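K.L.:
Shown below is the structure under consideration.
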Amino acid sequence: GAVVSQHPSWVICKSGTSVKIECRSLDFQATTMFWYRQFPKQSLMLMATSNEGSKATYEQGVEKDKFLINHASLTLSTLTVTSAHPEDSSFYICSARWGDGYQPQHFGDGTRLSIL
Amino acid sequence: GDSVTQMEGPVTLSEEAFLTINCTYTATGYPSLFWYVQYPGEGLQLLLKATKADDKGSNKGFEATYRKETTSFHLEKGSVQVSDSAVYFCALSDRNTDKLIFGTGTRLQVFP
Chain A
645 GAVVSQHPSW VICKSGTSVK IECRSLDFQA TTMFWYRQFP KQSLMLMATS NEGSKATYEQ
705 GVEKDKFLIN HASLTLSTLT VTSAHPEDSS FYICSARWGD GYQPQHFGDG TRLSIL
Chain B
2 GDSVTQMEGP VTLSEEAFLT INCTYTATGY PSLFWYVQYP GEGLQLLLKA TKADDKGSNK
62 GFEATYRKET TSFHLEKGSV QVSDSAVYFC ALSDRNTDKL IFGTGTRLQV FP
């Protein structure tokens, strides 16, 4: 149980385009979803936290106009990287959680984004 | 604030060796503790968890005990396999901010 699906797993696109990444909890309802960014051989950096039906809470230094997060339902959150540039190239990982902070987060398989 | 410290890697072992990856934490309250594993090119998988002092989490031969007196949650496995090669992250849930705080990760390499 507790499966999180993230799509696409890999995307390559030209500079200036926008890219949407989907995160779905397949067998549970996620009250909270999280978006992380991971640089090579480093730990995960939390970008934002989103609760269904409300605006996302962004971490300090993360541009909310650049990284648009929508959490439209209890099973779906999307991250849109707007006007992507090469410095946005990274590995993006979502996670989903049911319940409070004592419950584990369940992670998707990540999306490798490459901007040319 | 709350934090997690885990041993630096890489940890290099031969197959069937005993594994210990140290993890200590600093927290003002009573967090839940987790170990996650990340295989190359993939997201994180929950390996095990413990929600209160003296709890032992276990899964796939791995185990870790929540030690409040030493603020530790060391990961152990009696006999590692090549397939265990991955990066292991220790994490705690921060009751105040509702976030997951990760250690820096420890890369494990197991050779036949």
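Taken in order, these protein sequences are the chains called A and B.
Reading the first sequence from the start, the letters are residues 645 to 760 in our numbering.
Reading the second sequence from the start, the letters are residues 2 to 113 in our numbering.
Note that the Cβ used here is the ideal one computed from N, Cα and C, for glycine as well.
Bear in mind the structure is a predicted one, so any value in this text is a computation, not a measurement.
Kindly identify the DSSP beta-bridge partner or partners of L76 (chain B).
P.N.:
DSSP output for L76 (chain B) lists B:I22 as bridge partner(s).
K.L.:
Run through chain B and tell me which residues come within less than 8 Å of I608 (chain A), C-beta to C-beta.
P.N.:
This structure leaves residue 608 (chain A) out entirely; chain A is present only between 645 and 760.
K.L.:
Return the Cβ separation of N714 (chain A) and T722 (chain A) in integer angstroms, given the expectation that the two are a contact with Cβ distance under 8 Å.
P.N.:
Between T722 (chain A) and N714 (chain A) the Cβ distance is about 5 Å, and since that is below 8 Å, they are a contact.
K.L.:
Determine contact between the region 739-756 of chain A and the region 678-685 of chain A, defined as no fewer than three beta-carbon pairs at a distance below 8 Å.
P.N.:
yes
K.L.:
Rounded to a whole number of angstroms, what is the C-alpha to C-alpha distance between L688 (chain A) and L101 (chain B)?
P.N.:
10 Å
K.L.:
Is the region 25-37 of chain B close to the region 72-83 of chain B, with three or more CB pairs under 8 Å?
P.N.:
yes
K.L.:
Please classify H729 (chain A): is it buried, with 16 or more other beta-carbons within 10 angstroms of its beta-carbon, or exposed?
P.N.:
Exposed, since its Cβ has fewer than 16 Cβ neighbours within 10 Å.
K.L.:
What does T25 (chain B) reach in chain A if we use C-beta pairs closer than 9 Å?
P.N.:
None at all; the shortest Cβ gap to chain A is about 16 Å.
K.L.:
Enumerate in chain order the residues of its own chain whose CB-to-CB distance from I737 (chain A) is below 7 Å, with the five nearest sequence positions on each side excluded.
P.N.:
Beyond the five residues adjoining it in sequence on each side, I737 (chain A) comes within less than 7 Å, by CB distance, of Y680, Q682, L688, F751, G752, G754 in the same chain, given in chain order.
K.L.:
Identify, in the order they occur along the chain, each residue of the same chain with its Cβ nearer than 6 Å to the Cβ of T66 (chain B), setting aside the five sequence neighbours on each side.
P.N.:
K57
K.L.:
Quick check on this structure: which residue in B:E43, B:G42, B:T107, B:T13 has the alpha carbon closest to the alpha carbon of Q7 (chain B)?
P.N.:
B:T107
K.L.:
Going by C-alpha distance, which of A:M691, A:V663, A:N695 is nearest G705 (chain A)?
P.N.:
A:M691
K.L.:
Anything in chain B within Cβ reach of P748 (chain A), meaning under 7 Å, just list it in chain order.
P.N.:
F35, L47, K50
K.L.:
By DSSP's criteria, W679 (chain A) is part of a beta bridge. Which residues make up the other side?
P.N.:
A:A692, A:C738
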